[in-house]
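Right, one structure below, let's go through it.
Number of protein chains: 2
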Amino acid sequence: MRGTVVESRHTGSVAVFDADGRGVLSLGDVERPVFPRSAVKAIQALQLIESGAADRYGFGAEELALACASHGGEPGHVAVAERMLRSAGLDASALKCGTHWPLHSASSQALARSGGMATALHNNCSGKHSGFLCACCAMGSDTATYTDPAHPIQREVKAALESFAGVTLGDDVRAIDGCAVPTWAMPLSGLARAFAKIGTGAGLSPGRAKALARLRAAVAEKPWYVAGTGRFCTEVMRAFGTRIFVKTGAEGVFCAALPEQGLGIAVKCDDGATRAAEVMVAAVLARLLVSESDRAALERFVRPAIKNWNGQIVGRVNPMAPLVA
Amino acid sequence: MRGTVVESRHTGSVAVFDADGRGVLSLGDVERPVFPRSAVKAIQALQLIESGAADRYGFGAEELALACASHGGEPGHVAVAERMLRSAGLDASALKCGTHWPLHSASSQALARSGGMATALHNNCSGKHSGFLCACCAMGSDTATYTDPAHPIQREVKAALESFAGVTLGDDVRAIDGCAVPTWAMPLSGLARAFAKIGTGAGLSPGRAKALARLRAAVAEKPWYVAGTGRFCTEVMRAFGTRIFVKTGAEGVFCAALPEQGLGIAVKCDDGATRAAEVMVAAVLARLLVSESDRAALERFVRPAIKNWNGQIVGRVNPMAPLVA
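Here the protein sequences come in this chain order: V and L. Letter 197 of the first sequence, counting from 1, is numbered 253 in the numbering used here, and no numbers are missing. Letter 314 of the second sequence, counting from 1, is numbered 370 in the numbering used here, and no numbers are missing.
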């Protein structure tokens, strides 16, 4: 809304599944293939733990949260990515994610002001890539080709995605992500099932369930490392701790887990808009949480204000029926 | 498309009208009110000429193009805005558009690197606001309240919009733009009619038709000032000169005039995405242009590539039926 007029409209789909794979809520088409993009970074980070790399290099909550992150390229994010690579005897030159300036504006300006230049460490995916590289080193696999679909680490990612989502992923649904790794399109229902397992560990091997619990504890402890200053994922997990695990993906994908209820959530805004995906996942979370105080804590994400350059509120993004009753 | 899979979908409406107000092409709902936002800056710039300010201050093509611009805040844009204000005895402190860092990334980084800070001159609307202020000075009206809907200059803008679009604009469709001036929602059909008049001058007073011809000549001569390096409006007008006048608005609005054919075009992407609005207007332009070479010049805007951070092409934005046959 701008003033009292509807200015733009977003549509999308919502899938909520429990840990037994039963649908709890389906809005729109939840079987159409959707690229999860960065929403599944926790699954992409599993080998960092399962390979033994996280233990070998003494990684704590900061490193594990950054491996699951789409971060703002703030100095603290960059420092942890660099530290991860150094632990494995590598540096930024090993990263294949490409270079972009920090998404966090003030950090981008500060970097330029100091005479610095953007590097692959500032790429929002540098933590995931550093995780891949550390796992490669621990597994003794090639670090030069880790983004190739045929590389052992990407084959493991694919197998894990298939196992979590309960789907088979063919080459026909494989494309290349913004950071050069493979991404596979899968039904939103599968993504929601995967997040129910991420939240509960149900149906996973004890080792894998433990690895996921460790990743979830890390992002709950250090939510700033999974996104950054003022960001949706960081603010929600700062407010809810281990009670909500939430992760953004590009192009309007957002996923979440509610471990207490044993639920996984996946939303896709059809047109790829982040502003709508955030409102969608916040509205679904508010719908599933029972206490008034929990809902109140989410309200600013459910109906965010739109401000002009003077800071004046000129409109609002509102969730509509059937997303809200 | 990402790889061979549809990743995101945009929908929208298209209106093409001739200078007599007859519909040539209507796709979707062309009667639903749409905020034109920055797409009507040429109409908002009329008083800069009609008040006598442009002549009094000796403004040429650069100043007039900047008054019609949503610019990138590159140094050349900032210099002209500053020069316009100085001509009228004002400086950046008179601007009410608010401050943001240059939209043009390299200029933003260069500004920070030089130890500078963003000012209202970097706001993409600073040319329009400088135009308003210069007109205020020439008209002897208050420069402190020029963004108020009740200010003579905004009342004139409203009257011109009503006259060009052939509509009546009530307070119920008035909202506040990102740069703090009023914006009025109107049917896409009205916007297309307005652009047919902008392109041809048909139905306008001789003085107004001459003022618009002067603005169109200015943006055709200095298209860099109406947007900036690598931007859609600049590139299209650089390629087509006075044969196409095209202007972006926020939230998925794009308008164009084809003076030779006497046509006005207005498109709105429902979800507000610029990437889709650009493809929509480019596809409509390509459909209306007759020569093969004209269409070939537009092709890169009709089906733009999506690249990852390594510069690799990973997808494409494609116009679909009924936009393309």
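Every residue gets a Cβ at the ideal spot worked out from N, C-alpha and C, and that includes glycine.
DSSP bridge partner residues for residue i (one or two, in chain order)
{"i": "G68/L", "result": "C325/L"}
{"i": "T304/V", "result": "F310/V"}
{"i": "P89/L", "result": "P243/L"}
{"i": "F73/L", "result": "G79/L and G320/L"}
{"i": "I362/L", "result": "G371/L"}
{"i": "I232/L", "result": "P238/L"}
{"i": "V61/L", "result": "R58/L"}
Cross-chain neighbours of residue i in chain V, by beta carbon under 7 Å
{"i": "F115/L", "result": "Chain V residues near F115/L: none, gap ~25 Å exceeds 7 Å."}
Cβ separation of residue i and residue j, assumed to be a contact under 8 Å, to the nearest whole Å
{"i": "C325/L", "j": "H66/L", "result": "5 Å"}
{"i": "K184/V", "j": "A123/V", "result": "6 Å"}
{"i": "A95/L", "j": "F310/L", "result": "7 Å"}
{"i": "A276/V", "j": "T298/V", "result": "4 Å"}
{"i": "L83/V", "j": "S64/V", "result": "No, L83/V and S64/V are not in contact; Cβ-Cβ is about 19 Å, not under 8 Å."}
{"i": "A98/L", "j": "L104/L", "result": "Actually they are not in contact, since the Cβ atoms of A98/L and L104/L sit about 10 Å apart, beyond 8 Å."}
{"i": "A329/V", "j": "G308/V", "result": "5 Å"}
{"i": "A283/V", "j": "H127/V", "result": "6 Å"}
{"i": "A252/V", "j": "A313/V", "result": "7 Å"}
{"i": "A221/V", "j": "A250/V", "result": "5 Å"}
{"i": "P243/L", "j": "R88/L", "result": "7 Å"}
{"i": "A267/V", "j": "E106/V", "result": "6 Å"}
{"i": "L387/V", "j": "A176/V", "result": "No answer is possible for residue 387/V: it lies beyond the span of chain V, which begins at 57 and ends at 381."}
{"i": "R359/V", "j": "R372/V", "result": "6 Å"}
Closest by C-alpha distance to residue i, when choosing among the options
{"i": "D228/V", "options": "V90/V, C181/V and R112/V", "result": "V90/V"}
{"i": "G108/V", "options": "K214/V, T60/V, C193/V and G145/V", "result": "C193/V"}
{"i": "M336/L", "options": "F251/L, L379/L, F188/L and L141/L", "result": "L379/L"}
{"i": "L167/L", "options": "G187/L, E277/L, D147/L and E130/L", "result": "E130/L"}
{"i": "A258/V", "options": "E316/V, A274/V and V275/V", "result": "E316/V"}
{"i": "A200/L", "options": "I99/L, F357/L and S149/L", "result": "S149/L"}
{"i": "M57/L", "options": "R331/L, A352/L, A381/L and A353/L", "result": "R331/L"}
{"i": "A231/L", "options": "D204/L, S261/L, M293/L and G246/L", "result": "D204/L"}
{"i": "H207/L", "options": "A339/L, V223/L, L189/L and S219/L", "result": "L189/L"}
{"i": "M140/L", "options": "H156/L, E106/L, G187/L and T175/L", "result": "G187/L"}
{"i": "I209/L", "options": "F220/L, R93/L, A191/L and I321/L", "result": "A191/L"}
{"i": "L102/L", "options": "H156/L, R372/L, L271/L and Y281/L", "result": "L271/L"}
{"i": "S245/L", "options": "D74/L, T60/L, M293/L and L146/L", "result": "D74/L"}
{"i": "Q280/L", "options": "H160/L, W240/L and D147/L", "result": "Rather than Gln, the amino acid found at residue 280/L in this sequence is Trp. Comparing Cα positions, the closest option is H160/L."}
{"i": "G318/V", "options": "K152/V, G79/V and W240/V", "result": "G79/V"}
{"i": "E119/L", "options": "V61/L, R93/L, K278/L and G196/L", "result": "K278/L"}
{"i": "F115/L", "options": "E355/L, V340/L, P92/L and A144/L", "result": "A144/L"}
{"i": "A248/L", "options": "A71/L, G59/L and T60/L", "result": "A71/L"}
{"i": "T304/V", "options": "R287/V, A295/V, N374/V and R356/V", "result": "R287/V"}
{"i": "L217/V", "options": "S197/V, P360/V and P238/V", "result": "P238/V"}
{"i": "A353/L", "options": "D198/L, I300/L, D327/L and T155/L", "result": "I300/L"}
{"i": "T256/V", "options": "V302/V, E355/V, G320/V and Y202/V", "result": "G320/V"}
{"i": "A381/L", "options": "D350/L, G226/L, H178/L and A339/L", "result": "A339/L"}
{"i": "F357/V", "options": "A377/V, M293/V and A306/V", "result": "M293/V"}
{"i": "D233/V", "options": "A306/V, M376/V and H156/V", "result": "A306/V"}
{"i": "D76/V", "options": "S349/V, L260/V, T224/V and V213/V", "result": "L260/V"}
Under 8 Å by beta carbon: chain L residues contacting residue i
{"i": "G154/V", "result": "N364, W365, N366 and G367"}
{"i": "R91/V", "result": "According to the sequence as given, residue 91/V is Phe; it is not Arg. Those within 8 Å of F91/V in chain L are R58, V61 and E63."}
{"i": "N179/V", "result": "W365"}
Neighbouring residues, chain L, relative to residue i (Cβ below 9 Å)
{"i": "A125/V", "result": "The contacting residues do not exist; A125/V stays about 16 Å from chain L at best."}
{"i": "S161/V", "result": "W157 and S164"}
{"i": "E307/V", "result": "R58, E63 and S64"}
Proximal residues of chain V, C-beta to C-beta of residue i below 9 Å
{"i": "G171/L", "result": "R169"}
{"i": "A236/L", "result": "N364, W365, N366, Q368 and V370"}
{"i": "A206/L", "result": "Within 9 Å Cβ-Cβ: nothing; A206/L doesn't reach chain V, min ~16 Å."}
Chain V contact residues for residue i, given Cβ-Cβ distances below 8 Å
{"i": "D233/L", "result": "N364 and V370"}
{"i": "Q210/L", "result": "Simply none; closest approach about 15 Å."}
{"i": "A2/L", "result": "The first residue shown for chain L is 57 and the last is 381, placing residue 2/L beyond what the model contains."}
Proximal chain L residues relative to residue i, where beta-carbon distance stays under 7 Å
{"i": "V229/V", "result": "V61"}
{"i": "H66/V", "result": "D327"}
{"i": "G183/V", "result": "Under the 7 Å cutoff, chain L gives no residues; its nearest Cβ is about 15 Å from G183/V."}
Residue i beta carbon near the ligand SAM (any heavy atom closer than 7 Å)
{"i": "R351/V", "result": "Questions concerning the ligand SAM fall outside what the structure shown contains, since it holds no ligand whatsoever."}
Practice task
Taking 8 Å as the threshold, find out whether the region 360-376 of chain V comes into contact with the region 363-370 of chain L through three or more Cβ pairs.
Solution key: With the rule of 3 Cβ pairs closer than 8 Å, the region 360-376 of chain V does not count as touching the region 363-370 of chain L.
Problem - Inter-stretch contact (C-beta, 8 Å, three-pair minimum) for the region 175-190 of chain V and the region 128-146 of chain V - result: Yes: at least three Cβ pairs fall under 8 Å.
Practice task
Say whether the region 72-87 of chain L touches the region 337-355 of chain V, bearing in mind that this needs 3 or more beta-carbon pairs closer than 8 Å, one atom from each stretch.
Solution key: Verdict: no, contact absent.
Handout entry: Interface residues of the region 239-264 of chain V facing chain A [CB-CB below 7 Å]
Key = The displayed structure is made up of protein chains V and L, and chain A is not among them.
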